[in-house]
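Going line by line, the protein sequences match chains A and B.
Residue numbering for the first sequence follows my numbering, beginning at 1 and increasing consecutively.
Residue numbering for the second sequence follows my numbering, beginning at 1001 and increasing consecutively.
Data first, discussion second: the structure below is written as structure tokens.
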Amino acid sequence: MKNFVKVEFPAESCNESLSRALAAAFVSEADPTVSELSDIRTAVSEAVTNAIVHGYGGKGGTIYMTMQREERKITITIQDIGCGIQDIEKAKEPFFTTAPQDERSGMGFAVMEAFTDAFYVESRPGEGTKIVLVKHLSE
Amino acid sequence: MKVAFARKGQVLVVRLFGELDEHAALGARTSIDDRLRRGGQHLLFDFRKLTFMDSTGIGLILGRYKEIHPVGGMLAYFGADRQVQRLLKISGLLRIGKLYATEEEALLALKKEGGSKG
């Protein structure tokens, strides 16, 4: 079973819940467990929030979301063409945040890592960020 | 998301309803801080009706802890599902506040610990 969906939406915080609902709808066809579904929704929410808050700095822009399914493997990419990340390794460190005054926990990447089977970050300062989330659903 | 409160002695119980993400966090933060200013030393988060939380929620809880901790306030939680439990664990929030199964258990523990500290 192969399938894919590509969508784009404005980087507005109201679309955080929309992105979770889109991911849940796409994955539901594969009959995931309740916890697999909740893991995917959490990871997607983190990636989209990152694009809105960090990538576009809350100033808006477009988020590109791609969802792919190959049998039991789900791959979701969240891409922005915002400011990019200066130092990806630093950004992945738990509690690292560029916006402590906004009560950012700095846990976004740690949560994405914990709730997926694999995740990758590609980013160039000034060009944007692409986050790839991979989840293998149980048989 | 909706936030409701209950005052039990020195404990302010914060009941979270719905989804706590970045979109909902500012409203939730303002309403908790407003209520906290009107009294309550300790914070007890009720997660029973919380259907979703991400790391924004971690930031929110951590921020409230920073408000109450300097004045001897304690933090506790109850009713967390598996997803919220994992978030609490990953983020270290279980080291600054204890997770209980029920509200009664949590209130009893907060009362006991709060009392022993004078």
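C-beta atoms are modelled at their ideal positions from N, C-alpha and C, and glycine is treated no differently.
Selection of the segment 1034 to 1067 of chain B by Cβ proximity to chain A, strictly under 7 Å: 1052, 1054, 1055, 1056, 1058, 1059, 1060, 1062, 1063
Within the 8 Å Cβ cut-off, does residue 11 (chain A) reach chain B? Within the first sequence, the letter at position 11 stands for residue 11 (chain A). No, its Cβ sits nowhere closer than 8 Å to a Cβ of chain B.
7 Å Cβ shell around residue 34 (chain A) - same chain, five flanking residues per side excluded: Taking the first sequence and counting its residues from 1, the one referred to as residue 34 (chain A) is at position 34. None.
Looking at the C-beta of residue 49 (chain A), does it have a partner C-beta in chain B at a distance below 8 Å? Here residue 49 (chain A) corresponds to residue number 49 of the first sequence, with the count starting at 1. Yes, its Cβ sits closer than 8 Å to a Cβ of chain B.
My output table needs one value for residue 152 (chain A): the three-state DSSP class, helix, strand or coil. Residue coverage of chain A in this structure runs from 1 to 139, which leaves residue 152 (chain A) outside it and unanswerable.
When the Cα of residue 1103 (chain B) is compared with those of B:1080, B:1051, B:1041, B:1038, which residue comes out closest? Looking up residue 1103 (chain B) in the second sequence gives position 103. Ranked by Cα distance from residue 1103 (chain B), the options B:1080, B:1051, B:1041, B:1038 are led by B:1080.
CA-CA distance, residue 134 (chain A) and residue 1018 (chain B)? What you label residue 134 (chain A) is simply residue 134 of the first sequence in a count that begins at 1. What you label residue 1018 (chain B) is simply residue 18 of the second sequence in a count that begins at 1. If I take the Cα positions, the gap works out to 26 Å.
Can you give me, in chain order, the residues of the segment 100 to 130 of chain A that have a beta carbon less than 7 Å from any beta carbon in chain B? 103, 104, 105, 107, 108, 110, 111, 114
Chain B contacts from the segment 20 to 49 of chain A (Cβ-Cβ distance under 8 Å): 20, 35, 38, 39, 41, 42, 45, 46, 49
Does residue 93 (chain A) get closer than 8 Å to chain B when you measure Cβ to Cβ? Along the first sequence, read from residue 1 onward, the residue named residue 93 (chain A) stands at position 93. So, not an interface residue.
With 8 Å set as the bound, which would you pick, yes or no: does the beta-carbon of residue 16 (chain A) sit closer than that to a beta-carbon of chain B? For the purposes of this step, residue 16 (chain A) is identified with residue 16 of the first sequence, where counting begins at 1. At least one chain B Cβ lies under 8 Å of residue 16 (chain A).
Taking all protein chains shown into account, decide if residue 118 (chain A) is buried (16 or more other Cβ within 10 angstroms of its Cβ) or exposed. Translated into positions along the first sequence, residue 118 (chain A) becomes position 118. With fewer than 16 other Cβ atoms within 10 Å, it is exposed.
Taking the alpha-carbon of residue 11 (chain A) as reference, which of A:24, A:22, A:55, A:4 has the nearest alpha-carbon? Numbered from its first residue, the first sequence carries residue 11 (chain A) at position 11. For residue 11 (chain A), the nearest C-alpha among the options comes from A:55.
Which residues in the same chain as residue 1021 (chain B) place their Cβ atom closer than 6 Å to its Cβ, once the five residues preceding and following it in sequence are excluded? Start at 1 with the first residue of the second sequence, and residue 1021 (chain B) comes out as number 21. Result list for residue 1021 (chain B): 1054, 1056, in chain order.
Where does residue 68 (chain A) sit, in a helix, a strand or coil, going by DSSP? The residue labelled residue 68 (chain A) in the question sits at position 68 within the first sequence. In this structure, residue 68 (chain A) counts as strand in the three-state DSSP scheme.
Drop a sphere of 10 angstroms on the beta-carbon of residue 36 (chain A), count the other beta-carbons inside from all chains shown, and report buried for 16 or more, exposed for fewer. Walking along the first sequence from the start, residue 36 (chain A) turns up at place 36. It is buried - the Cβ of residue 36 (chain A) has at least 16 other Cβ atoms within 10 Å.
Using a Cβ-Cβ cut-off of 8 Å, state whether residue 1096 (chain B) counts as contacting chain A. As a position in the second sequence, residue 1096 (chain B) is number 96, starting the count at 1. Residue contact check for residue 1096 (chain B) against chain A: no CB pair falls below 8 Å.
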